[in-house]
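As given, the protein sequences belong to chains X and F, one line each in that order.
Just so you know, we're using our numbering here: the first sequence kicks off at 1231 and counts up by one.
Just so you know, we're using our numbering here: the second sequence kicks off at 710 and counts up by one.
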Amino acid sequence: MNMSPEEYDKLAKKASPNSPFLKNLISAFLIGGGICALGQGFLLWYQRLGIDRDTASAWASITLVFLSILLTGLDLYDSIAKVAGAGTLVPITGFANSMSSAAIEFKSEGWVLGLGAKMFIIAGPVIVYGVSASVIYGILYYIFG
Amino acid sequence: MAHRIGKYTIVLDQPPSILATAAIGSKKEREGPLEKSFDFICDDPYFEQDSWEKAESIMQTKAVNTALGKAGLQPQEIDAIFAGDLLNQCVGSSYGLRELGIPFMGVYGACSTMAESLLGASVFLDSGALNRAVACTSSHFCAAERQYRFPLEYGGQRTPTAQWTATAAGAAVLGKDGPSPYVRAVTIGTIEDLGITDANNMGAAMAPAAAVTIQRFMEDTGKKPSDFDLVITGDLGKVGSDLVRDLLLREGIKLENSHTDCGLMLYDLEKQDMHAGGSGCGCSAGVMCGHILPLMREDTLHEIVFVATGALMNPTVVQQGESIASIAHLVYLSTKKEGGAV
């Protein structure tokens, strides 16, 4: 067969449908926005119960994390994420899902080398680079702040 | 004894008979159009085991035992079994078949394993080294996902070119003598790589391998795709099927009206939201052993060219930036023991 990788790349790209960009964008906006609105709702509700703003804010995050893990365990989160895409990935719910889904998946290899080690298989890089970025920010803030 | 025609094709002079076949599937396979082709379907993807890997092994055990039962044979009457799957070190096969006591040849050809195991078994039978053999292949969606991609419950979005790994197994019992269908010729594939790096577009990665093997077989035999009832590719899915037709057309081989793909047959792509189609070596194993070979036995289909395609990568090399190397093995099946294309 007489075809260079460059020619084939063009052919393959033409044959491969792209992700439905606009549809994905709108569902991510609506569902992601909905999750944030829900978080805001919890925040206001906790404040109305007389909790101070900082504590209420932490409680709102904890509630979203709890709901995310619950839905992951009930085999519902991935069905929502299938439609929502980045809408469920970007908020704190995505982080909770990435850890709990790995924990469920790798439990069959035991508590230590399975669940314990593999739990961070997706979330690990977020922690590593998140912490690294915050350290760099801290140094810059110390020097120029 | 087998002899070669052209550069690549091996013609079997004592064409082995496919004595019996069996296919095992799960829930998605039940929901697809080929539900009735499966001998056994377990809606529980665990197959009453406690891990996906054990489930896949049980599927192989069941596929082989069912096929042996249909052929009226006991495991001790089988001289060798050629089997493979997608799991690391092919544990689906070795643990699924360890109780049978049949001499075992582990085969790895990724999704091309059904053709590869049929090919190996047939050449051994033709040579007279074996009297009866089994070819068996499986894949399990959940076991494959965790090895190649993400945890099942992870909320990711699949691209339109992604294919769905079948939870299916197929087994074929072959004998030196017996009724139709027969394995008449085989073409061993070469490793092809046209530089596709997207692991979510296996169809595009594997299409060149299928095109090369089909072209060689047609050139070696002097035939064209329309001389056969069907040229059925392994699991190229929608994207790969379009590409293989296009690639062959450029070589002057018109595949269009004689071609289908196992990945397009196993599921209802729209209704089941399967994106580009089915994949995994259980896909072509299930479709061939459950659907196509039985249709040949009842004389509905007569001349079949089965070309199973496999992507030979693993997650490590893909993460290291390697492109996806692929292969396609071809098995020519006929209801006639003589005549036909070879």
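Just so you know, even glycine gets a beta-carbon here, dropped at the ideal spot from N, CA and C.
Against chain F, with Cβ distances strictly below 8 Å, would Ile1322/X count as a contact? no
Backbone secondary structure at Tyr1371/X - three-state DSSP: helix
Please list the terminal residues of the continuous beta strand (DSSP E) segment that includes Cys851/F. Here Cys851/F belongs to no beta strand (DSSP E); instead the alpha helix (DSSP H) covers Phe850 to Tyr857.
Going along chain F, which residues have a C-beta under 7 Å from Gly1315/X? Gln866
Can you give me the C-alpha to C-alpha distance between Tyr1041/F and Gly879/F, rounded to a whole angstrom? 18 Å
Among all the DSSP beta bridges, which residues are the ones paired with Arg841/F? Gly884/F
Taking 8 Å as the CB-CB cut-off, is Lys1253/X touching chain F? no
Contacting positions in the stretch 849 to 883 of chain F - beta carbon closer than 8 Å to chain X: Arg855, Phe859, Pro860, Leu861, Glu862, Tyr863, Gly864, Gly865, Gln866, Arg867, Thr868, Pro869 and Thr870
Leaving out the 5 sequence neighbours to the left and right, which residues in its chain are closer than 8 Å to Val832/F when beta-carbon positions are compared? Ala711, Ile719, Leu721 and Val895
Chain-order list of residues whose beta-carbon lies under 6 Å from that of Phe1173/X (same chain, five-residue window excluded): There is simply no residue 1173/X to check, as chain X begins at 1231 and stops at 1375 in what is shown.
List the residues of chain F whose Cβ lies closer than 7 Å to the Cβ of Lys1312/X, in chain order. Gln866
What in chain F is Cβ-close to Ala1326/X, meaning under 9 Å? By Cβ distance, chain F contributes nothing, its closest Cβ being about 10 Å from Ala1326/X, past 9 Å.
Chain-order list of residues whose beta-carbon lies under 8 Å from that of Cys992/F (same chain, five-residue window excluded): Cys820, Ser848, Thr874, Ala875, Ala877, Gly943, Asp944, Cys971, Gly972 and Leu975
Pro1250/X: buried (16+ other C-beta within 10 angstroms of its C-beta) or exposed? exposed
Between which two residues does the alpha helix (DSSP H) harbouring Leu796/F extend? That residue, Leu796/F, is in no alpha helix (DSSP H); it is neither H nor E in DSSP.
Secondary structure at Arg867/F, three-state DSSP: helix, strand or coil? coil
Taking only runs of the beta strand (DSSP E) that begin and end inside the stretch 1278 to 1306 of chain X, which ones reach a length of at least 3 residues, in chain order? none
DSSP-derived helix/strand/coil call for Leu809/F: coil
Looking at C-alpha atoms only, which residue of Ala916/F, Asn909/F, Ala881/F and Thr922/F is the closest neighbour of Thr899/F? Thr922/F
I need the straight-line Cα distance from Leu1056/F to Val1295/X, nearest angstrom please. Because chain F spans 710 through 1051 in this model, residue 1056/F falls outside it and cannot be assessed.
Can you find at least 3 beta carbon pairs, one from the stretch 1311 to 1321 of chain X and one from the stretch 1255 to 1269 of chain X, that sit closer than 8 Å? yes
Would you kindly check if the distance between the Cβ of Thr1318/X and the Cβ of Ile1357/X is under 8 Å? no
Sort Leu1297/X, Ser1234/X, Ser1246/X and Asn1327/X by Cα distance to Ala985/F and report the nearest one. Ser1246/X
Within 8 Å of any Cβ in chain X, is that where the Cβ of Asn774/F sits? no
In chain order, what are the residue ranges of uninterrupted alpha helix (DSSP H) at least 4 long that sit wholly in the stretch 930 to 1001 of chain F? 946 to 959, 971 to 974 and 990 to 996
So the candidates are Ser760/F, Ile733/F and Lys932/F; which of them puts its Cα closest to the Cα of Phe749/F? Ile733/F
Verify whether the separation of the beta carbon atoms of Leu834/F and Lys885/F is less than 8 Å. yes
For Thr775/F, the first and last residue of its enclosing alpha helix (DSSP H): Trp761 to Ala780
Outcome for Ile1334/X when other beta-carbon atoms lying within 10 angstroms are tallied against a minimum of 16: buried
Per-residue DSSP class, three states only, for Glu825/F: helix
Simplified DSSP state of Glu1237/X, which is helix, strand or coil: helix
Strictly under 8 Å for the Cβ-Cβ distance: is Leu1241/X near chain F by that measure? yes
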